[in-house]
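When you read off a place in the sequence shown, starting at 1, and then add 2, the result is the number in the numbering used here.
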Amino acid sequence: MRGVVMYGPGDVRVEERDDPRIELPTDAVIRLAATCVCGSDLWSYRGIESPQWPVPMGHEYCGVVEQVGKAVTTVRPGQFVVGSFFASDNTCEICQAGYQSGCLHRESACPGGAQAQLMRVPLADGTVVATPGMPEPDLIPSLLAASDVLGTGWFAAVAAEAGPGKTVAVVGDGAVGLLGVMAAKQLGAERIIAMSRHSDRQALAREFGATDIVTERGDEGVERIKDLTGGYGAHSVLECVGTPEAMQQAIRSTRRGGHVGYVGVPHDVQLDGIDMFFSHVHLHGGPAPVRSYLPHLIELIWNRTINPGRVFDLHLPLEQAAEAYQAMDQRRAIKVLLRP
Ligand SMILES: [Zn+2]
3 MRGVVMYGPG DVRVEERDDP RIELPTDAVI RLAATCVCGS DLWSYRGIES
53 PQWPVPMGHE YCGVVEQVGK AVTTVRPGQF VVGSFFASDN TCEICQAGYQ
103 SGCLHRESAC PGGAQAQLMR VPLADGTVVA TPGMPEPDLI PSLLAASDVL
153 GTGWFAAVAA EAGPGKTVAV VGDGAVGLLG VMAAKQLGAE RIIAMSRHSD
203 RQALAREFGA TDIVTERGDE GVERIKDLTG GYGAHSVLEC VGTPEAMQQA
253 IRSTRRGGHV GYVGVPHDVQ LDGIDMFFSH VHLHGGPAPV RSYLPHLIEL
303 IWNRTINPGR VFDLHLPLEQ AAEAYQAMDQ RRAIKVLLRP
């Protein structure tokens, strides 16, 4: 099969790899209908993270089950499934509490190598969810979005306690931030302030439910949020970047007693104990328990209530993965979908 492998910063190749196979009775092998490049893949692409090269890339996936191990009972070959980027058994106490990405029995951090024609998913029963039937082709980008960026934006909104009567601010206008706006809207937030300087992303934020746009950053951005909220700050702030600046902006834009949901993977973020002590802000975040939200997200997509697939503003064949990484690195594309 063909698959994407990164050999070092900026060095993305599509090459022939061994077909994945069932290794454990709890595995499934999936033929991908679509996959994509994640903002988090860019940390390696830019040399900010240095994994053990070469690395098979990709952790966002949906497609048709090709094979299952003997112990798999909830999905069968021929079904279309969407899965989380963390394997989980979905039965331990942590999973049952809604934190599948922290599953006690997760055997590999991520079902990796999703930028390929086929992939192996461990703990299939607790990791993937079948759709009600074969999706119409135009639903596939949205189902793919549910696999990570929508689920992650959703967790940010839940962690920030977005809901009726709340003013929500979103730091970050990448796919996760934009879908955080969508999640806040679905959760009933009254006012949603998207922080973005790019007109195309502002337009998408508005389409997803943003009521206000703030273009300023840093101290000025915080002041604008305060201005818009009677000096209080937002009730709920979604941090969807992972840089020290974004985290500071999120915490300082939150009112006392408010909540920050942070889902950007932190890079060099340091928090000052005294600042935190006096901020009275709740912080909650981490890798999103996407599996927990998948049944609900699939339903919203299936009945066409939401269209998160709009974040894919460039679709390319898998063979052009190198171009996909470049387009996202240069911010020419919000998110690139790859057709295997
Ligand atoms: Zn578990």
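Every residue, glycine too, gets a C-beta built ideally from N, C-alpha and C. Nothing here was measured: the structure is a model prediction, and the numbers come from that model.
Count the other CB atoms, across all protein chains shown, that sit within 10 Å of the CB of residue i; report buried if there are 16 or more and exposed otherwise.
i           : result
residue 346 : Outside the modelled stretch of the chain, which goes from 3 to 342, sits residue 346, for which no answer is possible.
residue 337 : buried
residue 237 : buried
residue 87  : buried
residue 113 : buried
residue 201 : exposed
residue 121 : buried
residue 332 : exposed
residue 27  : exposed
residue 276 : exposed
residue 210 : buried
residue 164 : buried
residue 280 : exposed
residue 334 : exposed
residue 75  : exposed
Per DSSP, which residues does residue i bridge with? Please list them.
i           : result
residue 214 : 195
residue 123 : 30
residue 57  : 8
residue 157 : Residue 157 pairs with nothing; no bridge assigned.
residue 261 : 238, 284
Are the CB atoms of residue j and residue i within a distance shorter than 8 Å?
i           : j           : result
residue 265 : residue 283 : no
residue 14  : residue 22  : no
residue 153 : residue 290 : yes
residue 224 : residue 251 : yes
residue 1   : residue 91  : What the structure shows of the chain is the stretch from 3 to 342, and residue 1 is not part of that stretch, so it cannot be assessed.
residue 286 : residue 161 : yes
residue 185 : residue 198 : no
residue 205 : residue 41  : no
residue 182 : residue 240 : yes
residue 300 : residue 148 : yes
residue 44  : residue 330 : yes
residue 102 : residue 306 : no
residue 71  : residue 129 : no
residue 188 : residue 308 : yes
residue 323 : residue 66  : no
residue 146 : residue 242 : no
residue 316 : residue 16  : no
Using beta carbons (cut-off 8 Å, strictly below), is residue i in contact with chain D?
i           : result
residue 127 : Among the protein chains of the structure shown there is no chain D, as only one such chain exists.
Looking at residue i and ligand 2, is the gap between the Cβ and the nearest heavy atom below 7 Å?
i           : result
residue 129 : Summarising the ligand content, the structure contains ligand 1 and does not contain ligand 2.
Three Cβ pairs or more, each shorter than 8 Å: is that satisfied between the region 193 to 201 and the region 157 to 177?
Segments in contact, yes.
Does the region 129 to 142 come within contact of the region 41 to 60, defined as at least 3 CB pairs closer than 8 Å?
Proximity of the region 129 to 142 to the region 41 to 60 falls short of the contact definition, fewer than three beta-carbon pairs being nearer than 8 Å.
Quick check: the region 130 to 137 against the region 78 to 87, are there 3 or more CB pairs under 8 Å?
With a cut-off of 8 Å, the region 78 to 87 and the region 130 to 137 count as touching, because enough Cβ pairs lie within range.
Closer than 8 Å is the cut-off here; do at least three beta carbon pairs connect the region 325 to 342 with the region 24 to 44?
Taking 8 Å as the limit for Cβ pairs, the verdict is that the region 24 to 44 does touch the region 325 to 342.
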